[in-house]
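First up is the structure itself, then whatever we jot down about it.
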Amino acid sequence: MEESAPRPEPVSVTPARRRKRPDIAADAIRDRIVEAGLSPGDRVPSEWLEPEAVKVSRGTLREALKILEFQGLIASKTGPGGGIFVTAIASDNAIRMLDNLFLFSPPTIADIYAIRKLVEPELAASAATGSLSVPAFEAMRATIRLYEDEPATAEEEYRQRLAELDFHAELARNSPNRLLGFVAVFLLSLLRDMTVCREIYQEPHPELRETGLHYQVRLLRAIRAGDADRAREIMRDHMVEAEKYMLERAAVRKRSGSTR
């Protein structure tokens with residue numbers, strides 16, 4: 674008699690957390706702000722913020738407004754001309770909040786570079802198509818000048834390593850694709866904050882500075898020449914080389930027990 678196939682184990686599904694009324698009310702106010710096309714600095718009409726308009730109690734409304742203020746979407750002003758106003762969320766604040774999301778469970782170096790190898794070549798190619806302004810191009814060149822000379826001290830070498838990351842941040846901030854640029858800056862922020870990365874950056878390694886300069890000077894030449902394919906290729910090679918170095922140094926530190 675042919676054996677019957679084993680019955681699959683039931684899949685355990687964690688029910689979605691039931692949203693609280695202040696969260697729902699905050700979303701309703703946020704949606705109305707967006708639908709009305711309000712911009713940072715605009716006052717939110719007071720009639721929108723009446724309990725009857727949101728269909729919640731006055732206490733729930735206060736909690737909803739606190740949520741929106743914490744998220745950076747609104748700010749309250751007192752006195753003459755006061756009220757609730759729309760505010761712009763600063764990119765740095767948003768990135769800091771995302772950093773905190775990974776504070777106790779950080780991604781690996783390989784995780785970060787898996788995304789950098791996809792994102793940064795496209796940023797480079799975009800810059801070569803003419804999206805990079807002359808001031809932005811000069812700002813990137815100025816960043817390179819911060820680490821083109823031999824460092825005199827270990828502290829100066831560490832600052833040069835961070836300046837190399839600033840080069841990539843400058844490229845990302847000037848991307849016409851704001852989402853792509855934001856992702857790139859966020860990944861750079863993770864690299865700056867990870868303990869193992871900071872320790873690697875503090876290690877003396879003169880060849881690393883020369884390698885970074887080599888790639889970045891070639892990249893600027895490709896961008897200036899408008900060669901998007903070449904810029905993409907240079908940045909991809911740069912990311913592969915950087916990942917290889919970081920993973921090798923992290924493995925050495927792990928074997929020596931110098932970091933957790």
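The sequence shown runs 674 to 933 under the working numbering. In this text, a Cβ means the ideal position worked out from N, Cα and C, and glycines have one as well.
Straight-line spacing of the CA atoms in serine 712 and isoleucine 747 works out to 11 Å. As the crow flies, the alpha-carbon of serine 749 is around 15 Å from that of isoleucine 706. Under DSSP, arginine 716 shares a beta bridge with Phe758.
For the 7 Å CB-CB criterion, glutamine 889 and phenylalanine 840 form a contact.
Unbroken alpha helix (DSSP H) stretches of 4 residues or longer found wholly inside the stretch 871 to 914: 879 to 898, given in chain order. Counting along the chain, the unbroken beta strand (DSSP E) around serine 749 starts and ends at 747 to 750. Contact holds between the stretch 853 to 871 and the stretch 770 to 790, because three or more Cβ pairs, one in each stretch, are under 8 Å apart.
Inter-residue distance for arginine 716 and valine 869 is about 46 Å (C-alpha atoms, whole angstroms). Judged by beta-carbon spacing, alanine 895 lies within the 7 Å limit of arginine 903, meaning their Cβ atoms are closer than that value. Nearest to arginine 818 by alpha-carbon distance, out of Asp765, Arg846, Ala924 and Ala836, is Ala836.
Less than 7 Å separates the beta-carbon of threonine 802 from that of alanine 901. Judged by DSSP secondary structure, valine 729 falls outside any alpha helix (DSSP H); it is assigned neither H nor E.
Counting along the chain, phenylalanine 777 sits inside no alpha helix (DSSP H), nor does DSSP assign it H or E at all. In the three-state DSSP reduction, lysine 693 falls in the coil class, being neither helix nor strand. The straight-line gap separating the alpha-carbon atoms of glycine 710 and threonine 760 is approximately 13 Å. For glutamine 833, the three-state secondary structure derived from DSSP is helix.
In terms of Cβ geometry, alanine 797 and arginine 905 form a close pair [threshold 7 Å].
In the structure shown, the three-state DSSP call for asparagine 847 is coil. Put simply, of Gly899, Ala898 and Met867 the residue whose alpha carbon is nearest the alpha carbon of threonine 781 is Met867. Counting along the chain, alanine 809 sits inside the alpha helix (DSSP H) bounded by residues 807 to 818. Residues Tyr831 of the same chain have their beta carbon placed closer than 6 Å to that of glutamine 875, with the five preceding and five following residues left out of the count. Scanning its chain for C-beta atoms nearer than 6 Å, with the 5 sequence neighbours on each side dropped, one finds no residue around aspartate 700. Beyond the five residues adjoining it in sequence on each side, glutamine 833 comes within less than 7 Å, by CB distance, of Leu819, Tyr820, Pro824 and Arg882 in the same chain, given in chain order. Listed in chain order, the non-local C-beta contacts of alanine 763 below 8 Å within the same chain comprise Gly745, local neighbours out to five positions each way being set aside.
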